[in-house]
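Undergrad: The structure's right below; bear with me while I get my questions together.
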Amino acid sequence: MNGEKKAILAVDIGTTSTKTLAVDLSGRILSRRSISYPLHTPRPGYAEQDPDVIREAVLDGIAGTVREARLAPGDVLCVSFSSANHSLIPMDGHGNPLMSMITWADLRSVAQAERLKQSGAGLANYLRTGTPIHPMSPLSKLIWLREERPDLFAASRFFIGIKEFVLHRLFGEYVTDFSMAGGTGLFSVDSLTWDPQALELAGAREDQLPRLAPTTEILSGLRRETADRLGLSVNTPFVLGAQDGVLANLGIGAVEDGVWAVTIGTSSAVRGAVPKPFLEPEGRLFCYALTRDLWIAGGPSNNGAIVAQWITERLFPGRALEDVLPLAEDVPAGADGLLFLPLLSGERAPFWDARAKGVLFGLTLSHKETHMLRAAMEGVLFQIAAIAGLMERSGGKAREIRASGGFARSALWCRMLADMLGVPVRVPESVESSGLGAAQLGLYAMNGEQGPLWRWRDAGGAVYEPDPAPSAVYRDMLPFYLDLYERLKEPMSTADRLRSSAALRNHA
0 MNGEKKAILA VDIGTTSTKT LAVDLSGRIL SRRSISYPLH TPRPGYAEQD PDVIREAVLD
60 GIAGTVREAR LAPGDVLCVS FSSANHSLIP MDGHGNPLMS MITWADLRSV AQAERLKQSG
120 AGLANYLRTG TPIHPMSPLS KLIWLREERP DLFAASRFFI GIKEFVLHRL FGEYVTDFSM
180 AGGTGLFSVD SLTWDPQALE LAGAREDQLP RLAPTTEILS GLRRETADRL GLSVNTPFVL
240 GAQDGVLANL GIGAVEDGVW AVTIGTSSAV RGAVPKPFLE PEGRLFCYAL TRDLWIAGGP
300 SNNGAIVAQW ITERLFPGRA LEDVLPLAED VPAGADGLLF LPLLSGERAP FWDARAKGVL
360 FGLTLSHKET HMLRAAMEGV LFQIAAIAGL MERSGGKARE IRASGGFARS ALWCRMLADM
420 LGVPVRVPES VESSGLGAAQ LGLYAMNGEQ GPLWRWRDAG GAVYEPDPAP SAVYRDMLPF
480 YLDLYERLKE PMSTADRLRS SAALRNHA
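Residue numbers (numbering that gives the first Met the number 0): 0 to 507.
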């Protein structure tokens, strides 16, 4: 079946850009394209986007990649999708969005999430759905919408996310895969259906949500004008695909026992593969399906390379992040006693505290800008180490880390990660992890789910071994770091009130 085909197209819908890859059937990237779009923050805590802008980026990305790879319509085996998770778009009955898309980074439903957690209903919901309670989840967003915008909630015929929006524009059907559904807080990990109790909490009906399907489901039937715009055949299959996190594991081969993925892009995450749903007793780790027999468990942090970028812009104005990062190499592990809690965007795992704030602790006259840079980088990695510790206590230890995301291009950050976790860190030759994962899933689906799921076994790339001396420093500092957060948790929660009070007085 595959002999006459030349490539798979992988579409990775991200928070700030859509990346499109043309990948041949041996895993070689033939061409790639990235189209950026804005994230709107009209009010504090809001993070919105225009779904039609993202849809256009997807279509332009596919068309441009087909042209650059010089593919004829019949050369494409399939198009397969990866997508950022946790978005929410209320739709009317005519296929029109009723408001801007609420993204995963939106914090407007903090009060609703806190109420769920305090009542105990949140943990019970997690133990059915595998989605920790946080403003990121569509469950919390739907409750906010029902309480704060009841007119708009009542007018909504469907509630969907960004991948479902794009696919509806292409095929006229609302359909979602098990992994994307898993991120909503509305999906039962046991029955693989929409969870009735979660729907009751949200106030939504099952017929307002997309049809559920495996990640390998194939859609077909492009309209002629759409196919012509994309440079594809009207018969080109589209594989439903999965969310970007689980596909990142597949793309870099972190689907074996003891091999974990660490991704640091704007945000960060630690993820490992398990054969069946795995739920942490206190609701601090997610668990999402890749296939029926392969699940990805782990924890996401809101604060990744965005923290280093923030430090760079304020302490090293006019200089590029990649030029600034090496300056931290001259500072010893532990930054001479300086600790940075990098909670600039609130936090998901391991704290699940949307009101958390950044803290620079231990500052003295002897510290320089480079110490603050090093402490910020270490703070991001302390968060990763804390998530990894949760995973270890819950189900086993990592023997190797596969690194992806923009940070994987920094040798210093990779060495620091190896030292922080005390295990080797491998950086695959390609860091296009989610896109390559989508392409592999597409090939697996087109082969009738026969043969290996992970077939492009990239064993190359650099390997960073932990250095015992800095590893010992970090091992001693981690408990102090975690205790510092616990001691400051309550004061952090009052910071918003202080800021509001100051704003009122300044405008009086």
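In this text, a Cβ means the ideal position worked out from N, Cα and C, and glycines have one as well. Note that the coordinates shown come from a computational prediction; the quantities given were computed from them, not determined experimentally.
Counting C-beta neighbours from all protein chains within 10 Å, is the total for residue 149 16 or more, i.e. buried, or is it exposed?
TA: For this step, residue 149 is matched to residue 150 along the sequence shown. By the 10 Å Cβ count, residue 149 comes out exposed.
Undergrad: Would you identify the three-state DSSP class for residue 159, choosing helix, strand or coil?
TA: Position 160 of the sequence shown, counting from 1, holds the residue named residue 159. Strand, per DSSP.
Undergrad: What ranges does the alpha helix (DSSP H) occupy inside the region 135-222, keeping only unbroken runs of at least 4 residues that lie completely in it?
TA: Counting only runs of 4 or more, we get 137-147, 149-154, 161-170, 177-181, 195-201.
Undergrad: Is residue 117 buried or exposed, if buried means 16 or more other CB atoms sit within 10 Å of its CB?
TA: Locating residue 117 in the sequence shown gives position 118, where the first residue counts as 1. Classification for residue 117: exposed.
Undergrad: Using the Cβ count rule (16 or more neighbours within 10 Å means buried), how would you classify residue 230?
TA: On the sequence shown, position 231 is the one that residue 230 refers to. Buried, since its Cβ has 16 or more Cβ neighbours within 10 Å.
Undergrad: Please classify residue 45: does DSSP put it in a helix, a strand, or coil?
TA: The residue you call residue 45 lines up with position 46 of the sequence shown. Here residue 45 sits in coil by DSSP.
Undergrad: Distance check for residue 226 and residue 280, CA to CA, integer angstroms please.
TA: Locating residue 280 in the sequence shown gives position 281, counting from the first residue. Locating residue 226 in the sequence shown gives position 227, counting from the first residue. Straight-line Cα distance between these residues: approximately 48 Å.
Undergrad: Can you list, in chain order, the residues of its chain whose CB lies under 6 Å from that of residue 127, leaving out five sequence neighbours each side?
TA: Position 128 of the sequence shown, counted from the first residue, corresponds to residue 127. Closer than 6 Å at the Cβ level, and outside the excluded window around residue 127, lie 187, 194.
Undergrad: Pull up the CB-CB distance for residue 9 and residue 293, whole angstroms please, since I reckon it's below 8 Å.
TA: Taking the sequence shown and counting its residues from 1, the one referred to as residue 9 is at position 10. Taking the sequence shown and counting its residues from 1, the one referred to as residue 293 is at position 294. Residue 9 to residue 293, Cβ: 19 Å. No contact.
Undergrad: For the beta strand (DSSP E) containing residue 270, list its first residue and its last residue.
TA: Indexing the sequence shown from 1 puts residue 270 at position 271. Residues 267-273.
Undergrad: List the endpoints of the continuous beta strand (DSSP E) containing residue 439.
TA: Counting from 1 along the sequence shown, the entry for residue 439 is found at position 440. That residue, residue 439, is in no beta strand (DSSP E); its alpha helix (DSSP H) goes 432-445.
Undergrad: Should residue 134 be listed as close to the ligand FMN, given that the test is whether its C-beta is under 8 Å from any heavy atom?
TA: The ligand FMN is not part of the structure shown, which contains no ligands of any sort.
Undergrad: Is it true that the CB of residue 238 sits closer than 9 Å to the CB of residue 78?
TA: For the purposes of this step, residue 78 is identified with residue 79 of the sequence shown, where counting begins at 1. For the purposes of this step, residue 238 is identified with residue 239 of the sequence shown, where counting begins at 1. In this structure, residue 238 lies closer than 9 Å to residue 78 by Cβ.
Undergrad: Assuming contact is defined by CB atoms lying nearer than 9 Å, are residue 65 and residue 110 in contact in what I supplied?
TA: Locating residue 65 in the sequence shown gives position 66, where the first residue counts as 1. Locating residue 110 in the sequence shown gives position 111, where the first residue counts as 1. Contact: no.
Undergrad: With C-beta atoms as the reference, is residue 381 less than 9 Å away from residue 463?
TA: In the sequence shown, counting from the first residue as 1, residue 381 sits at position 382. In the sequence shown, counting from the first residue as 1, residue 463 sits at position 464. Not closer than 9 Å, so no.
Undergrad: Cα separation between residue 12 and residue 98?
TA: If you number the sequence shown from 1, residue 12 lands on position 13. If you number the sequence shown from 1, residue 98 lands on position 99. When rounded, the distance between both Cα atoms is 20 Å.
Undergrad: Can you tell which of 95, 29, 62, 57 has the C-alpha that lies nearest to the C-alpha of residue 68?
TA: The sequence position of residue 68 within the sequence shown is 69, counting from 1. The residue with the shortest Cα to Cα distance from residue 68 is 29.
Undergrad: Given a cut-off of 9 Å on the beta-carbon distance, is the pair residue 272 and residue 253 in contact?
TA: Counting from 1 along the sequence shown, the entry for residue 272 is found at position 273. Counting from 1 along the sequence shown, the entry for residue 253 is found at position 254. Yes, the Cβ-Cβ distance between residue 272 and residue 253 is below 9 Å.
Undergrad: With DSSP collapsed to three states, give me the class of residue 382.
TA: Numbered from 1 along the sequence shown, position 383 holds the residue referred to as residue 382. Residue state, collapsed to three classes: helix.
Undergrad: Along the chain, where does the beta strand (DSSP E) that runs through residue 289 open and close?
TA: Residue 289 sits at position 290 when you count from the first residue of the sequence shown. Segment 285-290, the beta strand (DSSP E) holding residue 289.
Undergrad: Cutting at 6 Å between CB atoms, please list the residues of its own chain near residue 496, excluding the five before and the five after it.
TA: In the sequence shown, the residue the question calls residue 496 occupies position 497. Around residue 496: no qualifying Cβ.
Undergrad: With H, G and I counted as helix, E and B as strand and the rest as coil, what does DSSP make of residue 61?
TA: As a first step, residue 61 must be located in the sequence shown, where it is residue number 62. Reduced to three states, the DSSP call for residue 61 is helix.
Undergrad: Just the Cα atoms here: how many angstroms apart are residue 151 and residue 157?
TA: Within the sequence shown, the letter at position 152 stands for residue 151. Within the sequence shown, the letter at position 158 stands for residue 157. Distance between the alpha carbons of residue 151 and residue 157: 11 Å.
Undergrad: Residue 300 and residue 348 look like a contact to me (Cβ under 8 Å); what is the Cβ gap, rounded to whole Å?
TA: Translated into the one-based positions of the sequence shown, residue 300 becomes position 301. Translated into the one-based positions of the sequence shown, residue 348 becomes position 349. Correct: roughly 6 Å between the Cβ atoms.
Undergrad: Quick check on this structure: which residue in 368, 357, 448, 309 has the alpha carbon closest to the alpha carbon of residue 334?
TA: On the sequence shown, residue 334 is found 335 positions in, with the first residue counted as 1. It is 368 whose Cα lies nearest to the Cα of residue 334.
Undergrad: According to DSSP, is residue 295 helix, strand or coil?
TA: Position 296 of the sequence shown, counting from 1, holds the residue named residue 295. The answer is strand: DSSP assigns residue 295 an E or B state.
Undergrad: Closest to residue 94 by C-alpha separation, out of 39, 171, 177, would be which residue?
TA: Here the question's residue 94 lines up with position 95 in the sequence shown. With distances taken between Cα atoms, residue 94 lies closest to 171.
Undergrad: Would you mind reading off the limits of the beta strand (DSSP E) that contains residue 306?
TA: Position 307 of the sequence shown, counted from the start, is the residue given in the question as residue 306. First-last for residue 306: 304-314, but that is the alpha helix (DSSP H), not the beta strand (DSSP E).
Undergrad: Please go through the same chain and pick out, in chain order, the residues whose beta-carbon is closer than 6 Å to the beta-carbon of residue 452, but skip the five residues on each side of it.
TA: Start at 1 with the first residue of the sequence shown, and residue 452 comes out as number 453. Excluding sequence neighbours, residue 452 sits near 443.
Undergrad: With a threshold of 7 Å on Cβ separation, who are the neighbours of residue 277 within its own chain once the five nearest residues in sequence on each side are excluded?
TA: Locating residue 277 in the sequence shown gives position 278, counting from the first residue. Correct list, in chain order: 286, 294, 296, 394.
Undergrad: For residue 398, does the three-state DSSP call read helix, strand or coil?
TA: Working through the sequence shown from its first residue, we reach residue 398 at position 399. DSSP places residue 398 in coil when its eight states are reduced to three.
Undergrad: Using 8 Å as the threshold, is the region 176-185 in touch with the region 128-135, meaning 3 or more CB pairs across them?
TA: Yes: at least three Cβ pairs fall under 8 Å.
Undergrad: Quick check: the Cα distance between residue 84 and residue 160, rounded to an integer number of angstroms?
TA: By one-based count along the sequence shown, residue 84 stands at place 85. By one-based count along the sequence shown, residue 160 stands at place 161. C-alpha separation (whole angstroms): 8 Å.
Undergrad: Is it buried or exposed for residue 426, if we count other Cβ within 10 angstroms and need 16 for buried?
TA: For this step, residue 426 is matched to residue 427 along the sequence shown. Classification of residue 426: buried, given that the 10 Å Cβ count is 16 or more.
Undergrad: Do you know offhand how far residue 312's Cα is from residue 321's?
TA: Your numbering for residue 312 matches position 313 in the sequence shown. Your numbering for residue 321 matches position 322 in the sequence shown. So the two alpha carbons sit approximately 12 Å from each other.
Undergrad: Please report the straight-line C-alpha distance between residue 153 and residue 145, rounded to a whole angstrom.
TA: In the sequence shown, the residue the question calls residue 153 occupies position 154. In the sequence shown, the residue the question calls residue 145 occupies position 146. Going by the C-alpha atoms only, they are around 8 Å apart.
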